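A short write-up of the structure that comes next.
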Amino acid sequence: MLGHHYTRTFLETAVASLNAGCNLELSYGMRNNVFMHIPQALAMGNITLQVSGREWGWEPGLRPPSTTEVLVSGSSQTLRARVRPLFYTRMRLGEFDPPAMNPYNALDMSVVQSPEHRNLSLEAAVKSFVLLKNVRGTLPLRAQDLSGKRLAVVGPFADNPRVLFGDYAPVPEPRYIYTPRKGLEMLVANVSFAAGCREPRCERYSRAEVVAAAGAADVVVVCLGTGVDVETEAKDRKDLSLPGHQLELLQDAVH
Numbered sequence: 001m002l003g004h005h006y007t008r009t010f011l012e013t014a015v016a017s018l019n020a021g022c023n024l025e026l027s028y029g030m031r032n033n034v035f036m037h038i039p040q041a042l043a044m045g046n047i048t049l050q051v052s053g054r055e056w057g058w059e060p061g062l063r064p065p066s067t068t069e070v071l072v073s074g075s076s077q078t079l080r081a082r083v084r085p086l087f088y089t090r091m092r093l094g095e096f097d098p099p100a101m102n103p104y105n106a107l108d109m110s111v112v113q114s115p116e117h118r119n120l121s122l123e124a125a126v127k128s129f130v131l132l133k134n135v136r137g138t139l140p141l142r143a144q145d146l147s148g149k150r151l152a153v154v155g156p157f158a159d160n161p162r163v164l165f166g167d168y169a170p171v172p173e174p175r176y177i178y179t180p181r182k183g184l185e186m187l188v189a190n191v192s193f194a195a196g197c198r199e200p201r202c203e204r205y206s207r208a209e210v211v212a213a214a215g216a217a218d219v220v221v222v223c224l225g226t227g228v229d230v231e232t233e234a235k236d237r238k239d240l241s242l243p244g245h246q247l248e249l250l251q252d253a254v255h
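Each residue of the sequence shown is one higher than the last, beginning at 1 in the UniProt record's numbering.
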């Protein structure tokens, strides 16, 4: 709301949000957030059930009411109404129960990463792939067809676990992360690897290692992309081109 100039301060934002029905904030930490200003708004009597311009004699064409004019009368009932569903949900989840009463406290990594859950994750990953093009039916690569073949996996996403997860992704246990290189090395093929560039920005590119790996292979798997280093929420790109030298890497790998 501040960024869009709807309000001028966090205090105004807190009051406007609560009065509009908002009861949850995705904040950037304990300092730069709106909800920490709610106690101040409550103490000043600024939380109201509803405030409209017409209630203050604000007609179109006239100046909007000042912060002092808008934030004059209030009721803690609004705050209670906003907080009630939050705490109701938390209570249903057992957050306030003794730990022994909450069955979720007994779940450890052996349950979360059980074979059943991992198999389900694998199934979801396989079914969510989007194949854009398949020239001459090259895909899928079958394990039995790769026996004795030389396979090269190249690119900044080939063996870098950190860049494989997008914005708002969980932080998994490292031992459960399978990079393309790690997964392909489970096959019976002779797998070689060349990153070409270590990070998605691909500002420094080692052409020689990519050409050497791709030139000696029967099958080349090129792993490219962007990742959170290049684009995330509030970090937009000016174009859809591959970052840095990634296009050059692709051309070297397939020529």
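All C-beta atoms, glycine included, are put in the ideal place defined by N, C-alpha and C.
Here the structure is a predicted model, which means the values were calculated and not measured.
Looking from the CA of V163, the closest CA among F96, L24, L93, R201 belongs to R201. DSSP places T9 in the coil class of the three-state scheme, outside both helix and strand. About 5 Å separates the beta carbon of V153 from that of L184, a gap short enough to meet the 8 Å contact definition. The continuous alpha helix (DSSP H) containing A214 extends over residues 207 to 215.
Look at the beta carbons and you see the segment 213 to 228 touching the segment 163 to 177: at least three pairs across the two are nearer than 8 Å. Here the alpha carbons of A41 and N105 stand approximately 37 Å from one another. For T226, the secondary structure class from DSSP, reduced to helix, strand or coil, is coil. For R198, DSSP records no beta bridge to any residue. Excluding its 5 nearest sequence neighbours in each direction, A253 has C-beta neighbours in its own chain below 7 Å: V154, V210, A214, V220, V222, listed in chain order.
By a beta-carbon distance limit of 8 Å, R142 does not contact D159. Their separation comes to about 23 Å. Shown here, A169 sits in coil according to DSSP, grouped into three states, outside any helix or strand. Taking C-beta atoms under 8 Å as the contact rule, E233 and Y205 fail to qualify, at a distance of about 28 Å. Following the DSSP letters along the chain, one finds V154 in no alpha helix (DSSP H) but inside the beta strand (DSSP E) bounded by residues 150 to 154. Taking C-beta atoms as the reference points, Q246 and L224 count as a pair closer than 7 Å. Each residue's CA atom was taken as its position, placing H117 and Y176 some 12 Å apart. Going by beta carbons, D218 and R136 fall outside the 7 Å limit. For S110, the uninterrupted alpha helix (DSSP H) run begins and ends at 109 to 112, by DSSP.
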